[in-house]
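Just so we're aligned: the sequence shown equals residues 1 to 93 in UniProt numbering. Even for Gly, the Cβ is constructed at its ideal location relative to N, Cα and C. Note that the coordinates shown come from a computational prediction; the quantities given were computed from them, not determined experimentally.
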Amino acid sequence: MFVHRPESTCTPVRDGDWRARAACRDHDPELFFPVGDGEPARAQEHRAFAVCAGCAVSGPCLQWALANGPEGVWGATTTDQRCRIRRAGPPFG
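Set out below in structure tokens:
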């Protein structure tokens with residue numbers, strides 16, 4: 001099965017980079033790229049969310065994903081959830 005991953009997700013991780021501390025680094029990357037919209041894909045998303053829930057850098061991960069628009073689960077959000085966040089615009093404050 002082919003899963004599209006943007007080139008930007010394949011950049012080297014440097015010391016001090018938030019990705020070096022990401023909980024997902026110890027998991028199969030395929031977990032974060034569910035295919036389809038049926039029950040198996042939703043179950044896979046929930047497993048990915050469980051990894052994100054224990055991650056110390058989910059905030060920077062989400063910010064990166066919002067800025068770069070990759071597919072998959074990033075910062076405990078799906079692609080569709082991030083699209084809705086972008087459409088809503090920046091928070092007032």
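Q. What is the residue span of the alpha helix (DSSP H) that PHE49 lies within?
A. The sequence position of residue 49 within the sequence shown is 49, counting from 1. 39-53 is the extent of the alpha helix (DSSP H) around PHE49.
**Q.** Stretch pair the stretch 35-49 + the stretch 80-89: three plus CB contacts closer than 8 Å
**A.** No contact exists between the stretch 35-49 and the stretch 80-89.
Q. Going by alpha carbons, who is nearest to ALA20 out of PRO34, ALA56 and PHE32?
A. As a position in the sequence shown, residue 20 is number 20, starting the count at 1. Among PRO34, ALA56 and PHE32, the Cα nearest to that of ALA20 is on ALA56.
Q) For the stretch 58-67 against the stretch 27-39, are there 3 or more C-beta pairs whose distance is under 8 Å? A) In short, these stretches do not touch, since the Cβ pair count stays below three.
Q | DSSP beta-bridge partners of THR77 | A | Residue mapping note: residue 77 aligns to position 77 of the sequence shown, counting from 1. DSSP lists TRP74 as partners of THR77.
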